[in-house]
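**Student:** Numbering (this note's numbering), first residue to last: 11 to 227.
One structure follows; several queries about it will come next.
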């Protein structure tokens, strides 16, 4: 049977310009999706990922100062420092400045504490007139392990002026109710909670007592 073809019914080819616009639009959409995914913040629970967070607190010599980042807390009592300024604390990568040949110690968390004057310049030397404590909070399972093997836990500071530089233990105090292990320090530095996976010869004992506040005379 003969079929009639009416004008306007034949298929019209899509103009090349329209195809180009569609491709360009799809390219833009895909690019935006990729960029959005890249801008998502990394989870702080990922291994090896440290979310940088600088916490700063003005220090008034007439008042106690408590400053925290993550599970690290710095306690500075009033009149500990006679110079006005600001204290900052920030996390650093686990096992920072590991000592070559050293085995058994795992340092995490690691935090850096600095003291700056009102102009923002770093104080090269700060003298403490009262003890300052840097504390690390651990979970209950770690606390039970600490009670059984206290020689495997230390609060350390990085002695960068030693030759060679090394991590050294601070006198330690334990606060059972808060699950906190605290090091008493006379200067600001890099600090770390160090856990030894196997018993060793050297250790630092902890003093267990019920805290009456950040500082007990």
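Each residue gets a CB set at the ideal place from its N, CA and C atoms; glycine is no exception.
Predicted model only: the values in this text are computed from it and were never measured.
#1: With three or more beta-carbon pairs closer than 8 Å as the criterion, would you say the segment 172-182 touches the segment 95-110?
#2: I think residue 194 touches residue 141, with their Cβ atoms under 8 Å apart; what is that distance to the nearest whole Å?
#3: Please report the residue range of the beta strand (DSSP E) in which residue 200 lies.
#4: State the DSSP-derived secondary structure class of residue 188, mapped to helix, strand or coil.
#5: Taking 8 Å as the limit between beta carbons, can you name the residues of its chain near residue 139, skipping five residues before and five after?
#6: To the nearest angstrom, report how far apart residue 128 and residue 152 are at their CA atoms.
#7: Report the three-state DSSP secondary structure of residue 101 (helix, strand or coil).
#8: With a threshold of 6 Å on Cβ separation, who are the neighbours of residue 66 within its own chain once the five nearest residues in sequence on each side are excluded?
#9: What residue range is occupied by the uninterrupted beta strand (DSSP E) comprising residue 143?
**Tutor:** Per the coordinate set shown:
#1: yes
#2: Taking the chain shown and counting its residues from 1, the one referred to as residue 194 is at position 184. Taking the chain shown and counting its residues from 1, the one referred to as residue 141 is at position 131. Yes, residue 194 and residue 141 are in contact; Cβ-Cβ is about 5 Å, under 8 Å.
#3: On the chain shown, residue 200 is found 190 positions in, with the first residue counted as 1. Residues 200-206.
#4: Taking the chain shown and counting its residues from 1, one reaches residue 188 at position 178. Correct three-state label for residue 188: helix.
#5: Position 129 of the chain shown holds residue 139. Contacts found: 89, 90, 91 and 92.
#6: For the purposes of this step, residue 128 is taken as the residue at position 118 of the chain shown. For the purposes of this step, residue 152 is taken as the residue at position 142 of the chain shown. Residue 128 and residue 152: Cα-Cα distance of roughly 40 Å.
#7: As a working note, residue 101 is residue 91 in the chain shown. Note: residue 101 maps to strand in three-state DSSP.
#8: Within the chain shown, residue 66 is the residue found at index 56, counting from 1. Cβ within range, chain order: 96 and 98.
#9: Taking the chain shown and counting its residues from 1, one reaches residue 143 at position 133. 142-147 is the extent of the beta strand (DSSP E) around residue 143.
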